[in-house]
Structures are given as C-alpha cells and as structure tokens.
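Our numbering puts the first residue of the sequence shown at 5, with every later residue one more than the last.
Ideal Cβ positions, reconstructed from N, Cα and C, are used throughout, including at glycine.
Computed from a prediction, not measured in an experiment: that's the story for all the values here.
Notes for the one structure printed next.
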Amino acid sequence: MLAALVVFGRLWCVAHSPDTSPAETRRSPPSSGSAASPPGEMPPPPGRSADAGPATATACRTADQALEAALKAPQDAAALAQARSVVQTCPTLSPRACELGPALDAREPLHAGAEPGPLRDVLATLCERCPAEGHPCAGLFLKGLQQLEDSDPAATRWNLEHAGAASRVACEALARDLVVPAASASEKPSDAARRAFGTLVPVCLRHDVIPPALLHAAVLNRRLTPGAAPPKEDLFERALASGAPPALTKIVPDQVKGAEAGAHAFDGKERSGVDLGNGHFGRWEADGALRAQFTKPLQWLGAVRVRASGPGTLRAIVRLSDVGLEDPERKTRFVNPTVCRFQGNGSWEECRLPLPLSNVEAVSVFPERERITLNEVEILGVR
5 MLAALVVFGR LWCVAHSPDT SPAETRRSPP SSGSAASPPG EMPPPPGRSA
55 DAGPATATAC RTADQALEAA LKAPQDAAAL AQARSVVQTC PTLSPRACEL
105 GPALDAREPL HAGAEPGPLR DVLATLCERC PAEGHPCAGL FLKGLQQLED
155 SDPAATRWNL EHAGAASRVA CEALARDLVV PAASASEKPS DAARRAFGTL
205 VPVCLRHDVI PPALLHAAVL NRRLTPGAAP PKEDLFERAL ASGAPPALTK
255 IVPDQVKGAE AGAHAFDGKE RSGVDLGNGH FGRWEADGAL RAQFTKPLQW
305 LGAVRVRASG PGTLRAIVRL SDVGLEDPER KTRFVNPTVC RFQGNGSWEE
355 CRLPLPLSNV EAVSVFPERE RITLNEVEIL GVR
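Below, the structure is given as structure tokens:
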C-alpha cells in the first residue's frame, strides 16, 4: 500500500510539472538586462520569446506546407493568414520554407506604381525571418543585379530593401558590380546600370558597406562623365556631408612615372614641361601617360590646376581594400575617377572638385591627342 502511494505521488508530480523541456530551458529568452540573441540567430518578434512552446514548434514544422497552400490558393484569405501567421511565429524557418520565396515572387510579381498584394506581404514577412544563407529576397536581388537590362527597377529595389539578414552580402555585391564601375573612368556602365545607381545605392548606405572613398569617387565620376545622368541630389549631399577637407595646400608628388622628364610638369616652372602621347601601353588604365605618385595616399584631393597645349584628362587613383580594379603589380585595388578635363589652350585651367576625394595614391594624365605638351600641373589637397 505504501509503495503504491509513492508511485502515485511521483506520477502526480510529473503530470503537474511545468511544460518546459530541458532544451527550452536552455533557450529561454534573456531578461531585459541580459545580452542580446547570440550571433547568427534571428531575433524573435517583439513580445514573443525565441521558443514559445508547442505553438512555435508546430509553426516551424508546418511553415513550408502553409506557404505551399497560399501559393496554390492566393485568393484564399484563410490560407494567406495561416501562412503569414506561421512565418511570423517560427523563429528559425527551414531551408525549404525560404526556398519558396522565388515562387511567391513569381506568383505575384511587383509592378511599378502598383500596391503590393497579399502574397507579396507574405514574402516580405518570410524575408524578415530567413537567415542570410539562402535568403530569398537577397537571392532575387542578386539575380536582378546581374540582369539589370531586363529587371524591373522597382522589384530590384524592393528585394534589396527586404534583404534582411543578407543585406550586407547584397550590398557588397552592389559595391562590386555597380559602384566600382561607376567610379572608374575606364569602365563604361550601361544605361540601366547608371539608372540603378541612384535608386539602389542609397539603400545600401544605411548598412555602412560602401567605403566613403568609393562612394565619393563614384558620385564625382558620374558628375564629370559626359552624357551620364548626374547622381540624385540627395545622394550627392550625403556623400558631401560625410567629410569636408580642411584648407588645401599645393602638394608635390613623391615620384613621377611614365614619360621621360615627367618631373618637369611638377617643378613649378611654367616654361618647362613634358611631351606626352596617347598610345596605350603597359599599365595604361592605372598610370596613363604620366603618373604622379604619393608615398602615402592623400587624405583629401580637392582641386587641380593644369597648363597644357592639347586636351586631356586627369584621373585620381583612389586606393581601396576589398573591392575595385585590381593592380597585380602593387597588389592593391583601386578606382580611377576623372577629376579634370582640360582643353589645353596654353593657359592655366583650374578644376575644383565639387566633392573631395579621399585616399588618393596618385594622379594620372591621359592625353586625348596623339601628342600634347604638359607644361605644369598643381595638385591641391591634404596629406
């Protein structure tokens, strides 16, 4: 009799104990004063714990089925509500659920000027919850970035805005594939790429992925490229606000490479100079016919003055770390925005940059005729 009572007591305690598994106990949400969610985990929605018990487990198990049901019956309000609910409830969606993002996009594509439909709302919620790896909206954006000529601009921007946990990856691709060409005088971006620049770059500025030196170079190069649409004013103002240089001073390059007697163009004597040709040779895109090199990149380049006979351009060589054109000899990366177009009428011509450039390691000269004479170049900046 006593043994039976003991067994009954144990069963009663188990049946009435809190419904919390050991795993749930370990993953219980932190208190208000504790640390945030561990790196790599999507934070739970406001007011919801990372593991809300059986309802959460059920939502995670049924998320892909609920999404498939919404895809099959997009007019069924109950199916749409169920899909949205389970996606919002599950803290970590399965790869299969995230793989259904492109299907949602194809079932209800975004059109310029049209309000997003219910399936697009489900996709937005899905992209909030999916991890960076295999992220549906980021994947759709990267596809659109590679096919700008055929992509809908509104859809490409929408996908970038909803890249969620993969925003950094998406913006790194944007910097590499769109901003670097825009910052390089030697590159010829398509019309679609030029239009996309002003639409997409502001989105990535929120994530501090695009280096300021690259942004300045791209915005300036677009303003000085004939036929290119200037950047949106707000983008230009934002780049300008990111840092204005102190008083500019004349800077003599530490080394001059290219034509013989090239240093005569920087010796302060107007009557001396150097003859330059425009035949492409060697490291033309980085060095041009003449390269004025600085041992340590300039903090700022603010203006240049040129006296020449014959037209040409000056390009700044802006050093970058992770993106840019590759310089295999120096083992660095760079972009080469145009900073001055001179007519070469024998008089002094000044090009004051509307947007100062930072991290400038050289200034290169590119003649636009077979033969010109470069009498003198003055570089104004801050070391």
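Worksheet item: How is the alpha helix (DSSP H) around Pro99 delimited, first residue to last?
Response: Its alpha helix (DSSP H) spans residues Pro99 to Glu103.
Discussion item. Can you confirm whether the region 295 to 303 touches the region 202 to 212 when touching is taken to mean that 3 or more C-beta pairs between the two stretches lie within less than 8 Å?
Written reply: no
Worksheet entry | 3 or more residues per run - each beta strand (DSSP E) lying fully within the region 332 to 375 | 336 to 339, 342 to 346, 349 to 361 and 364 to 371
Fill in: C-beta atoms of Glu353 and Val310 nearer than 7 Å
yes
Worksheet item: Contact check, Val126 vs Leu108 under 8 Å by CB: the rounded distance?
Response: 6 Å
Worksheet item: Which value, in whole angstroms, describes the spacing of the CA atoms of Gln69 and Gly143?
Response: 22 Å
Discussion item. Is it buried or exposed, His211, if we count other Cβ atoms within 10 angstroms and call 16 or more buried?
Written reply: Classification of His211: exposed, given that the 10 Å Cβ count is below 16.
Item to complete: Measure how close the beta-carbons of Gly314 and Arg375 come, nearest whole angstrom, since I'm counting them as under 8 Å.
Response: 7 Å
Worksheet entry | Distance between Leu104 and Pro95 (C-alpha atoms, nearest Å) | 17 Å
Item to complete: Would you kindly work out how many angstroms separate the C-alpha atoms of Asp326 and Asn363, rounded to a whole number?
Response: 14 Å
Fill in: CB contact flag (Ala189, Thr342, <7 Å)
yes
Worksheet item: If Val223 and Cys175 are in contact, beta carbons under 8 Å, what's the gap, nearest whole angstrom?
Response: That belief does not hold up - the Cβ atoms of Val223 and Cys175 are roughly 16 Å apart, past 8 Å.
Item to complete: Pull up the distance between the alpha-carbon of Pro113 and that of Thr66, whole angstroms please.
Response: 25 Å
Worksheet item: Taking C-beta to C-beta, are Ala290 and Gly348 nearer than 7 Å?
Response: no
Worksheet item: Alpha carbon to alpha carbon, how far is Arg111 from Lys76?
Response: 9 Å
Discussion item. At the level of alpha carbons, what is the spacing between Leu324 and Leu218?
Written reply: 7 Å
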